[in-house]
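In my numbering, the protein residues as written are 105 to 222. Where is the CB? At the ideal position from N, CA and C, for every residue including glycine.
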């Protein structure tokens, strides 16, 4: 299984970035996908989730600014981030949960750095 995250970079406050996470090798049913982030000196936190049915949820600080989406044909997860703030600076990780009849599986991408600074 491989989750390849990309799209991070340096952006000025108020700018936008779109993160992508390409998944391959997952053979079990995907139940949910998510983006997490870990800022400097902080715990990893959940930013946004999207279920297999398309239901989305966001951390309060991301509501109205971030949009999580998925392209099933491309096996790719996205996070569109607008109106970026300095406090959004973090390494962003994609996360996939899948399930078989017997157990659940959790997969992580390698992380992509987002830096918001003038």
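Asked	Found
Starting from the C-beta of residue 155, find all residues in its chain whose C-beta is less than 6 Å away, skip the five residues before and the five after it, and write them out in chain order.	136
Can you name, in chain order, every residue of its own chain whose Cβ lies under 7 Å from the Cβ of residue 119, other than the five neighbours on each side?	188
In terms of DSSP beta bridges, what is residue 183 paired with?	123 and 172
Going by CA-CA distance only, name the one from 171, 123 and 114 that's closest to residue 158.	171
Tell me the DSSP secondary structure of residue 156 in three-state form.	coil
Helix or strand or just coil, what does DSSP make of residue 222?	coil
Mind checking whether residue 126 and residue 179 have CB atoms under 9 Å apart?	yes
Tell me which residues share the same chain as residue 111 and place their Cβ nearer than 7 Å to its Cβ, disregarding the 5 neighbours each side in the sequence.	121, 122, 123, 124 and 216
Shortest alpha-carbon distance to residue 105 belongs to which of 218, 221 and 211?	211
For residue 206, which option in 218, 116, 132 and 109 has the closest C-alpha, if you only look at C-alpha atoms?	132
Looking at the unbroken beta strand (DSSP E) that takes in residue 200, where does it start and where does it end?	194-203
Let me confirm a value: residue 113 is counted as buried when at least 16 other C-beta atoms fall within 10 Å, else exposed. Which label applies?	exposed
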